[in-house]
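Okay, structure coming up:
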């Protein structure tokens with residue numbers, strides 16, 4: 057389920073959820089009117105057109121459900137990051153529309169810039185307040201629906217524990233039903249086993265349980281069908297919770313294909329608007345960085361040419377998105393340029409490193425040309441670091457799930473690197489540790505996580521003992 061299981065019979069919860077959905081659009085429009093009034097600028101017809109476009113874009117892009125699905129966020133910082141990133145997308149689309157229609161010069165720059173700067177602040181503060189109201193309503197026991205779980209499995213016990221700890225899904229877990237004894241279940245002391253599976257339908261009818269989670273293993277399909285048939289003689293909402301704890305899931309989610317329900321067990325996080333958000337973020341951050349570092353890159357290029365024989369840029373084939381072959385750029389730091397079936401990793405005190413190369417690698421300045429790779433769309437600012445093809449072909453046979461790191465674009469920096477896993481990998485175990493972080497990034501990707509990794513990277517650059 058992608059959304060909380062709300063008590064939809066509560067008009068107050070429904071009203072707050074609706075308010076949360078339309079609030080950004082309303083604030084953006086009201087803010088535009090207020091800024092024009094304060095600036096003593098007439099709110100002419102073209103401002104009405106702008107307000108209408110902004111409302112539509114806000115409803116499409118700056119929606120709390122799209123930004124933070126699956127519960128109510130508690131921290132201000134993730135909410136602020138999400139709103140800011142989507143507001144930047146809105147402004148980019150608005151600017152592009154103004155350029156195409158040649159209407160951008162019609163608007164007061166002072167009004168537009170002021171409005172663009174203050175509006176996201178008001179949106180964040182308002183959403184924070186409304187989400188606090190929604191959280192209080194969802195945590196109110198009076199609004200909770202009584203839920204029972206058929207089948208005591210790792211998945212169902214995890215679900216019950218999370219519902220009891222957070223309880224922002226408007227559900228109160230009454231207990232479990234299972235044919236096995238408590239001794240065989242090895243369940244925790246706080247797990248209430250209320251009876252056998254055959255007792256569940258009567259309990260639901262007599263105790264007015266409103267939600268039933270069926271958590272029987274996949275191999276027990278017939279028992280699931282019999283139980284669901286028995287529960288049809290009630291008004292309870294029924295959800296199937298497959299016991300998929302044995303799988304290593306990547307971006308697991310449910311969906312429908314031509315009316316047929318499916319469960320994604322391994323998927324890329326970058327679908328639809330999230331792919332656009334990721335790409336737009338890369339371009340908006342990389343373009344100014346490339347301009348800012350252009351003088352330094354020119355100076356480094358000249359220094360590389362003057363201090364050692366060979367090309368300025370080191371080019372190497374690596375695997376990119378979906379395992380497709382790409383060519384990445386770096387400033388040459390060695391006296392050799394390897395790109396064959398056997399590639400020796402750089403080691404501490406490596407004799408192949410030039411004097412300038414040691415300095416460049418120490419502060420990761422050799423990676424600057426990869427900003428061009430990012431603008432080309434071959435790489436992202438944040439993602440699993442791409443490895444040489446020779447290393448990929450070696451480790452994909454040794455490490456389970458290794459190639460799943462290519463479900464996303466490779467990055468200049470990544471979750472593994474900010475956790476100290478960069479540089480030489482002397483053992484398979486070291487590479488496995490790096491891959492675990494890469495897969496964790498694929499599982500949990502968000503724009504907030506990207507910003508956090510970039511910030512941590514900037515701090516580590518000044519003191520990274522693994523850079524050599």
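Residue numbers (the numbering used here): 57 to 524. Using N, Cα and C, we set each Cβ at its ideal position, and we do this for glycine too.
Local conformation of residue i per DSSP, three classes
| i | result |
| --- | --- |
| residue 266 | coil |
| residue 198 | helix |
| residue 372 | strand |
| residue 225 | coil |
| residue 98 | coil |
| residue 188 | helix |
| residue 217 | helix |
| residue 122 | Bear in mind that the predicted position of residue 122 carries a pLDDT of just 41, short of 50, making it too unreliable to give a figure here. |
| residue 439 | coil |
| residue 428 | helix |
| residue 413 | helix |
| residue 320 | strand |
| residue 464 | coil |
| residue 309 | strand |
| residue 385 | strand |
| residue 203 | strand |
CA-to-CA distance, residue j to residue i, given in whole angstroms
| i | j | result |
| --- | --- | --- |
| residue 94 | residue 179 | 19 angstroms |
| residue 411 | residue 88 | 57 angstroms |
| residue 335 | residue 435 | 10 angstroms |
| residue 408 | residue 514 | 27 angstroms |
| residue 86 | residue 433 | 38 angstroms |
| residue 445 | residue 487 | 15 angstroms |
| residue 156 | residue 150 | 10 angstroms |
| residue 247 | residue 81 | 45 angstroms |
| residue 197 | residue 509 | 38 angstroms |
| residue 290 | residue 212 | 22 angstroms |
| residue 161 | residue 326 | 35 angstroms |
| residue 474 | residue 341 | 19 angstroms |
| residue 275 | residue 217 | 25 angstroms |
| residue 215 | residue 518 | 42 angstroms |
| residue 67 | residue 182 | 21 angstroms |
| residue 230 | residue 254 | 17 angstroms |
| residue 349 | residue 271 | 55 angstroms |
| residue 101 | residue 437 | 41 angstroms |
| residue 347 | residue 296 | 53 angstroms |
| residue 512 | residue 259 | 52 angstroms |
| residue 371 | residue 382 | 10 angstroms |
| residue 252 | residue 273 | 16 angstroms |
| residue 442 | residue 376 | 7 angstroms |
| residue 281 | residue 333 | 42 angstroms |
| residue 125 | residue 502 | Residue placement at residue 125 is flagged as unreliable, the pLDDT there being 36, under the threshold of 50; the coordinate-derived value follows with that caveat. Answer to the nearest angstrom: the Cα atoms are 12 angstroms apart. |
| residue 485 | residue 384 | 26 angstroms |
| residue 278 | residue 228 | 28 angstroms |
| residue 479 | residue 447 | 13 angstroms |
Under 7 angstroms between C-beta atoms of residue i and residue j
| i | j | result |
| --- | --- | --- |
| residue 286 | residue 257 | yes |
| residue 459 | residue 453 | no |
| residue 201 | residue 268 | no |
| residue 392 | residue 422 | no |
| residue 199 | residue 193 | yes |
| residue 172 | residue 147 | yes |
| residue 134 | residue 481 | no |
| residue 174 | residue 97 | no |
| residue 499 | residue 294 | no |
| residue 113 | residue 142 | no |
Extent of the continuous alpha helix (DSSP H) to which residue i belongs
| i | result |
| --- | --- |
| residue 70 | 67-94 |
| residue 160 | Careful: residue 160 lies outside any alpha helix (DSSP H) and carries neither H nor E. |
| residue 366 | That residue, residue 366, is in no alpha helix (DSSP H); it is neither H nor E in DSSP. |
| residue 118 | Neither: residue 118 is in no alpha helix (DSSP H) and is coded neither H nor E. |
| residue 469 | Residue 469 -> not in any alpha helix (DSSP H); beta strand (DSSP E) instead, spanning 467-469. |
| residue 498 | 484-500 |
| residue 451 | 445-451 |
Among the options, the one whose alpha carbon lies nearest that of residue i
| i | options | result |
| --- | --- | --- |
| residue 187 | 109, 253, 213, 69 | 69 |
| residue 470 | 332, 496, 290 | 496 |
| residue 235 | 249, 375, 418, 228 | 249 |
| residue 115 | 387, 74, 389 | 74 |
| residue 29 | 429, 150, 137, 151 | Since the first residue of the chain shown is 57 and the last is 524, residue 29 is not available in this structure. |
| residue 416 | 386, 166, 456 | 386 |
| residue 322 | 461, 241, 141 | 461 |
| residue 449 | 169, 485, 374 | 374 |
| residue 283 | 370, 481, 206, 378 | 206 |
| residue 357 | 506, 511, 491, 424 | 424 |
| residue 165 | 111, 77, 232, 91 | 91 |
| residue 489 | 501, 418, 456 | 456 |
| residue 106 | 159, 351, 170, 501 | 159 |
| residue 440 | 419, 431, 468, 427 | 468 |
Endpoints, beta strand (DSSP E) assigned at residue i
| i | result |
| --- | --- |
| residue 509 | Per DSSP, residue 509 belongs to no beta strand (DSSP E); it is in the alpha helix (DSSP H), 503-516. |
| residue 392 | No beta strand (DSSP E) contains residue 392, which DSSP labels as neither H nor E. |
| residue 294 | 293-296 |
| residue 249 | 249-251 |
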